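The structure appears below as structure tokens.
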Amino acid sequence: MREYIRRARDRILGSRQATIDTIEPGSIVVAPRKPIDLHDEAAITEVLDLAARIGAVLLDSGTGAIDTADQVQFVAGIYGLDDVDVDVTFNRVLICARRGSTLPPITAVRTVHYRSMDFTRLAEIDRLVRRIRSRAITSASAHRIVDVIVAAPHPYSYRTATLAWGVLAYGVVIYLAAGWIVGLIAFFTSMAIVAVNRKLHRIGTPLFFQQVAGGFIAVIPAALTYQILSGTDFSILPGQVIAAGIVVLLSGLSLVGAVQDAITGAPVTGSARFTEVLVMTGGILVGVGIAVKFVSLVGIELPALSEIARFAPSELVPRIVGGAIASGAFAMASYAERRALPAALGAGALGAGVQGGLSLVVTSPLLTYAGAAILVGLIGGLAARAALTPPLVIAIAGITPMLPGMAIYRGMNGLLNGEAGRGGVEMLSAFAIGCALAAGVTLGEFIARRLRRPQLPQALRTVRHLRRP
Numbered sequence: 102m103r104e105y106i107r108r109a110r111d112r113i114l115g116s117r118q119a120t121i122d123t124i125e126p127g128s129i130v131v132a133p134r135k136p137i138d139l140h141d142e143a144a145i146t147e148v149l150d151l152a153a154r155i156g157a158v159l160l161d162s163g164t165g166a167i168d169t170a171d172q173v174q175f176v177a178g179i180y181g182l183d184d185v186d187v188d189v190t191f192n193r194v195l196i197c198a199r200r201g202s203t204l205p206p207i208t209a210v211r212t213v214h215y216r217s218m219d220f221t222r223l224a225e226i227d228r229l230v231r232r233i234r235s236r237a238i239t240s241a242s243a244h245r246i247v248d249v250i251v252a253a254p255h256p257y258s259y260r261t262a263t264l265a266w267g268v269l270a271y272g273v274v275i276y277l278a279a280g281w282i283v284g285l286i287a288f289f290t291s292m293a294i295v296a297v298n299r300k301l302h303r304i305g306t307p308l309f310f311q312q313v314a315g316g317f318i319a320v321i322p323a324a325l326t327y328q329i330l331s332g333t334d335f336s337i338l339p340g341q342v343i344a345a346g347i348v349v350l351l352s353g354l355s356l357v358g359a360v361q362d363a364i365t366g367a368p369v370t371g372s373a374r375f376t377e378v379l380v381m382t383g384g385i386l387v388g389v390g391i392a393v394k395f396v397s398l399v400g401i402e403l404p405a406l407s408e409i410a411r412f413a414p415s416e417l418v419p420r421i422v423g424g425a426i427a428s429g430a431f432a433m434a435s436y437a438e439r440r441a442l443p444a445a446l447g448a449g450a451l452g453a454g455v456q457g458g459l460s461l462v463v464t465s466p467l468l469t470y471a472g473a474a475i476l477v478g479l480i481g482g483l484a485a486r487a488a489l490t491p492p493l494v495i496a497i498a499g500i501t502p503m504l505p506g507m508a509i510y511r512g513m514n515g516l517l518n519g520e521a522g523r524g525g526v527e528m529l530s531a532f533a534i535g536c537a538l539a540a541g542v543t544l545g546e547f548i549a550r551r552l553r554r555p556q557l558p559q560a561l562r563t564v565r566h567l568r569r570p
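Structure representation (structure tokens):
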């Protein structure tokens, strides 16, 4: 009965927050567990290893270095280890506990060998930290829960996830105001990209070459369909199909985490993540470039890209619908929990609508993308609390349809056709848009964390005090 009252009270009073929202400097005053004996090396090692394992899962899921370090330190502090140093880098979590001037420190290290997009795992770890904080479960029990979380299969099958990637590409095509034929081609092309890259990953192919293969596959169906339909009433723009494929390949990269690390004081990790993003994007460009040259050798010349037409008011509704579809599909493709899908749909619709609306009155594309990303980060952070979902899930899903796939393709097209000036400008524009999206989301999340709940009426505060278990 008390548990039921507690859950109902939390639901009414709006105490659903991501764990990172409640972590503040000095928040651990008295540990809920008994203080650890500094001579008990086994107990200290168990706590440090637990904190490092939690940090490794967070880092693996794309969480920023500073947020990861805060949560690692928070978990250690809950179990009575306040005097700890935490160092989070690109692929390593290190935590060291000092035991005074007479005892040697104890250190635990965890390495992240690869990054996986499993947002359910991230949400489960978030809930585990919440349970550690509120119920003070033992470190041994927490270790067993982490074992279950890490070993658990994905909540959806690979077929469902592959289908979701195809729906993501179809949503991007709607966002670009293209026709249904382009959408179908992008749908099947993206599923082929994901299926091939999954096979390449299983045999240990480096990610760069997986991106090259994905970029190559993105071009071939578009070029063949363009050649078949040229001269008919169903002619298409292959660049829109290729742009959708590029967005699918870009959506798994940790651009948000890279910018967040650079902004929040982790320049080394931010630089490493930026390098990874640039190398993986370079792989896409290499694959697309090879494919364009290949189809030209067999007599298929892709049309030159004209200047980008100004966004029309009549395209606002399709853009909102496409953004919602793409964001929801990305959340499902990344194995987000079902409770997070409505929030992801809303974030995608919000971002696409705000970006489209601002583009009607603002001439600078960077301002429109940054403004949309700030709202996605803010509203997404608040909505994530209601859905008991880490804000990172909603933030990344919300900006996915706005990733600069078309700008990257236009830049590559210019570079391949001897227009280095135009191509370079487009590439810089794509890079700037990506940074604006990531920085905007980071700022929005920061604002969401600083928002405080309004003061409750005196009567409601009294009820809350009386019913507190």
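For reference, each letter of the sequence shown is one residue, going 102 to 570 in the working numbering.
Glycine residues also receive a C-beta, built at the ideal position from the N, C-alpha and C atoms.
Everything numeric in this text was worked out from a predicted model, so none of it was measured.
message: Taking the straight line between their C-alpha atoms, what separation do you get for Gly449 and Leu479?
response: Numbered from its first residue, the sequence shown carries residue 449 at position 348. Numbered from its first residue, the sequence shown carries residue 479 at position 378. Answer to the nearest angstrom: the Cα atoms are 13 Å apart.
field: Ile207, enclosing beta strand (DSSP E) - first and last residue
entry: Start at 1 with the first residue of the sequence shown, and residue 207 comes out as number 106. Counting along the chain, the unbroken beta strand (DSSP E) around Ile207 starts and ends at 207 to 212.
First and last residue of the uninterrupted beta strand (DSSP E) at Ala198: Numbered from its first residue, the sequence shown carries residue 198 at position 97. Here the beta strand (DSSP E) through Ala198 covers 193 to 198.
field: Sequence-distant residues of the same chain with beta carbon closer than 7 Å to Leu308, five excluded per side
entry: On the sequence shown, residue 308 is found 207 positions in, with the first residue counted as 1. Met381.
task: Can you tell me which of Leu459, Gly390, Arg550 puts its alpha carbon nearest to the alpha carbon of Gly519?
output: Taking the first residue of the sequence shown as position 1, residue 519 is located at position 418. Residue Gly390 is the option with its Cα nearest to Gly519.
task: Could you tell me the distance, in whole angstroms, from the CA atom of Ala345 to the CA atom of Ala427?
output: By 1-based counting over the sequence shown, the position of residue 345 is 244. By 1-based counting over the sequence shown, the position of residue 427 is 326. If I take the Cα positions, the gap works out to 10 Å.
query: Can the beta-carbon of Leu223 be found closer than 8 Å to that of Ser352?
result: Counting from 1 along the sequence shown, the entry for residue 223 is found at position 122. Counting from 1 along the sequence shown, the entry for residue 352 is found at position 251. Against a cut-off of 8 Å, the Cβ pair of Ser352 and Leu223 comes out as no contact.
message: With three or more beta-carbon pairs closer than 8 Å as the criterion, would you say the segment 189 to 201 touches the segment 146 to 154?
response: Contact between the segment 189 to 201 and the segment 146 to 154 is present, because at least three Cβ pairs lie under 8 Å.
Cα-Cα separation between Val268 and Gly366, rounded to whole angstroms: Reading the sequence shown from its first residue, position 167 is the one you call residue 268. Reading the sequence shown from its first residue, position 265 is the one you call residue 366. Val268 and Gly366: Cα-Cα distance of roughly 37 Å.
query: So what's Val589 in DSSP terms, helix, strand or just coil?
result: Nothing can be reported for residue 589, as the shown portion of the chain is limited to 102 through 570.
message: Please report the distance separating the alpha-carbon of Gly458 from that of Phe395.
response: Mapped onto the sequence shown, residue 458 falls at position 357. Mapped onto the sequence shown, residue 395 falls at position 294. Approximately 40 Å between the Cα atoms of the pair.
query: Roughly how many angstroms separate the alpha carbons of Ala252 and Arg245, rounded to a whole number?
result: As a first step, residue 252 is located in the sequence shown; it is residue number 151 there, counting from the start. As a first step, residue 245 is located in the sequence shown; it is residue number 144 there, counting from the start. In this structure, the alpha-carbon of Ala252 lies about 11 Å from that of Arg245.
- request: Would you identify the three-state DSSP class for Pro322, choosing helix, strand or coil?
  value: For the purposes of this step, residue 322 is taken as the residue at position 221 of the sequence shown. Secondary structure of Pro322 (DSSP, three-state): helix.
message: Using the Cβ count rule (16 or more neighbours within 10 Å means buried), how would you classify Pro502?
response: Stepping through the sequence shown from its first residue, residue 502 is reached at position 401. By the neighbour-count rule (16 or more Cβ atoms within 10 Å), Pro502 is buried.
- request: Assign Leu552 to one of three DSSP states: helix, strand, or coil.
  value: Counting from one through the sequence shown, the residue named residue 552 turns up at place 451. Reduced to three states, the DSSP call for Leu552 is coil.
- prompt: To the nearest angstrom, how far is it from the Cα of Val537 to the Cα of Ala531?
  reply: On the sequence shown, position 436 is the one that residue 537 refers to. On the sequence shown, position 430 is the one that residue 531 refers to. Residue identity differs from the one stated: residue 537 is Ala in this sequence, not Val. When rounded, the distance between both Cα atoms is 10 Å.
task: Taking all protein chains shown into account, decide if Leu277 is buried (16 or more other Cβ within 10 angstroms of its Cβ) or exposed.
output: On the sequence shown, residue 277 is found 176 positions in, with the first residue counted as 1. Around the beta-carbon of Leu277, 16 or more other beta-carbon atoms lie within 10 Å, marking it buried.
- prompt: Taking the alpha carbon of Ile294 as the point to measure from, which residue in His302, Gly315, Trp281 has its own alpha carbon closest?
  reply: The residue you call residue 294 lines up with position 193 of the sequence shown. Nearest C-alpha to Ile294: Gly315.
query: Taking one C-beta from the segment 248 to 262 and one from the segment 279 to 291 each time, how about it: are there three or more such pairs within less than 8 Å?
result: Two segments are said to touch when three or more pairs of C-beta atoms, one from each, lie closer than 8 Å; by this definition the segment 248 to 262 does not touch the segment 279 to 291.
task: Could you tell me the distance, in whole angstroms, from the CA atom of Ala474 to the CA atom of Gln361?
output: Stepping through the sequence shown from its first residue, residue 474 is reached at position 373. Stepping through the sequence shown from its first residue, residue 361 is reached at position 260. When rounded, the distance between both Cα atoms is 13 Å.
- prompt: So is Ile329 buried or exposed if we call it buried at 16+ other beta carbons inside 10 Å?
  reply: Translated into positions along the sequence shown, residue 329 becomes position 228. The residue is exposed, with fewer than 16 neighbouring Cβ atoms inside 10 Å.
Three-state class that DSSP yields for Ala367 in the structure shown: Taking the sequence shown and counting its residues from 1, the one referred to as residue 367 is at position 266. Assigned with DSSP and collapsed to three states, Ala367 falls in coil, not helix or strand.
- prompt: Per DSSP, what kind of secondary structure is Thr123 in: helix, strand or coil?
  reply: Translated into positions along the sequence shown, residue 123 becomes position 22. For Thr123, the pLDDT reaches just 49, beneath the cut-off of 50, and the residue's location in the model is therefore unreliable, although a value from the coordinates is still provided. Thr123 falls in the helix class under three-state DSSP.
query: What alpha helix (DSSP H) runs, 4 residues minimum, are completely inside the segment 228 to 293?
result: Correct list: 240 to 252, 259 to 276.
message: For Tyr327 and Ala170, what's the separation of their Cα atoms in angstroms?
response: In the sequence shown, counting from the first residue as 1, residue 327 sits at position 226. In the sequence shown, counting from the first residue as 1, residue 170 sits at position 69. When rounded, the distance between both Cα atoms is 50 Å.
- request: Figure out for me which residue from Val357, Ile495, Val176 has the closest Cα to the Cα of Ser372.
  value: Within the sequence shown, the letter at position 271 stands for residue 372. Nearest of Val357, Ile495, Val176 to Ser372, Cα basis: Val357.
task: Please report the Cβ distance between Ala324 and Ile401, rounded to the nearest whole angstrom; I am assuming they are in contact, meaning their Cβ atoms lie under 8 Å.
output: As a working mapping, residue 324 is identified with position 223 in the sequence shown. As a working mapping, residue 401 is identified with position 300 in the sequence shown. Contact holds; Cβ gap of about 5 Å.
task: Going by CA-CA distance only, name the one from Ala270, Gly165, Val247 that's closest to Met507.
output: Walking along the sequence shown from the start, residue 507 turns up at place 406. Taking only the C-alpha atoms, the option nearest Met507 is Ala270.
task: Would you be able to state if there are at least three C-beta pairs under 8 Å between the segment 139 to 150 and the segment 202 to 209?
output: At 8 Å Cβ cutoff, the stretches touch.
- request: Quick one: grab the DSSP three-state call for Thr376.
  value: As a first step, residue 376 is located in the sequence shown; it is residue number 275 there, counting from the start. In the three-state scheme derived from DSSP, where H, G and I count as helix and E and B as strand, Thr376 is classed as helix.
- request: Entirely within the segment 465 to 527 and at least 3 residues each: give me those beta strand (DSSP E) ranges in chain order.
  value: You should have found no qualifying run.
- prompt: If you run the structure through DSSP and keep just helix, strand and coil, what is Thr543?
  reply: For the purposes of this step, residue 543 is taken as the residue at position 442 of the sequence shown. Under the three-state reduction of DSSP output, Thr543 falls in the helix class.
query: Leaving out five residues before and five after Ile304 in sequence, what residues of the same chain have Cβ atoms less than 8 Å from its Cβ?
result: What you label residue 304 is simply residue 203 of the sequence shown in a count that begins at 1. Result list for Ile304: empty, nothing under 8 Å.
query: With respect to the alpha helix (DSSP H) encompassing Thr146, which residues constitute its N-terminal and C-terminal limits?
result: Reading the sequence shown from its first residue, position 45 is the one you call residue 146. Its alpha helix (DSSP H) spans residues 142 to 161.
- prompt: Measuring CB to CB, does Val230 end up less than 8 Å from Asp161?
  reply: Taking the sequence shown and counting its residues from 1, one reaches residue 230 at position 129. Taking the sequence shown and counting its residues from 1, one reaches residue 161 at position 60. Not closer than 8 Å, so no.
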